[in-house]
Amino acid sequence: MTVLFLATGNEGKLREFQELLLGTGLLLEVVDTRVPETGDSYSANAALKAEAAARSRAGPALGDDSGLEVAALGGYPGLLSARIAPTQAEREALLFERLCPHPKPWRARFVCLLALALPGRPTLSFRGEAAGEIREPAGRGQGFGYDPVFWPSGSLLSFAELPPIEKHSLSHRGAAVRALLASGALASLSRPSERGESRR
Ligand code: ITT
1 MTVLFLATGN EGKLREFQEL LLGTGLLLEV VDTRVPETGD SYSANAALKA EAAARSRAGP
61 ALGDDSGLEV AALGGYPGLL SARIAPTQAE REALLFERLC PHPKPWRARF VCLLALALPG
121 RPTLSFRGEA AGEIREPAGR GQGFGYDPVF WPSGSLLSFA ELPPIEKHSL SHRGAAVRAL
181 LASGALASLS RPSERGESRR
């Protein structure tokens, strides 16, 4: 089985990648790189994470940089989504404090940039987005991060309340992983015998 390293310290992301990559024949192994996210874009930060993991393990690695962008706040917290306050409860409190003066609906989107670093080859990048709105939290204790306060467009449930398979069908991460799978870049990692091809 081919090992694919995943550069993350976020358990919620790990669980989602395990679910999204089920059936690909790839074995995910976490590398907590803790690289400083000094890039000025999701794409740059995702590449920093993936390349650090690929370098340290000398193998193919994925990095995910994602964020929540609220239209009325000019895209805040965006790149800073994980860093506007020390705990998730404080991040949400800050978000609602800023949103309070603005009329509802509070339109927002999640963005996910996925970098695939392959030793000796250029890093590839895949993007996914999910449109929706911010509402009072529902489904606390389920999902992760901002899931309880985000309702994808057309859904009666928050990301936290949706069964994982339904979240994946609507989510920014699900879309980025589908783009990655469609590119064929992962298929090229597994050995021919694992792809069902006969050896000569
Ligand atoms: P890494 O170790 O992978 O960098 P992180 O939590 O620091 O983990 P980011 O820098 O990409 O991740 O920050 C993304 C922020 O957005 C972070 O607070 C996440 O919890 C949140 N987030 C990303 N995807 C999410 C999702 O699907 N649902 C809820 N919150 C999400």
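Counted from 1, the sequence shown has number 157 at position 157 by UniProt numbering; the numbering is strictly sequential.
Just so it is clear, CB atoms sit at the ideal spot from N, CA and C, and this is done for glycine as well.
Given the structure is predicted, the values throughout are model-derived calculations rather than measurements.
By the beta-carbon neighbour count (other beta carbons within 10 angstroms, threshold 16), LYS167 is buried. Unbroken beta strand (DSSP E) stretches of 3 residues or longer found wholly inside the stretch 32-118: 61-70, 106-117, given in chain order. DSSP places PHE17 within a helical segment (H, G or I) once states are collapsed to three. As a beta-bridge residue in DSSP terms, PRO152 pairs with GLY132.
In the three-state reduction of the DSSP assignment, SER169 falls in the helix class, which pools H, G and I. Residue pairing for THR2: DSSP places it in a beta bridge opposite LEU26.
Around the C-beta of LYS104, fewer than 16 other C-beta atoms lie within 10 Å, and the residue is accordingly described as exposed. The beta carbon of LEU68 sits closer than 7 Å to at least one heavy atom of the ligand ITT.
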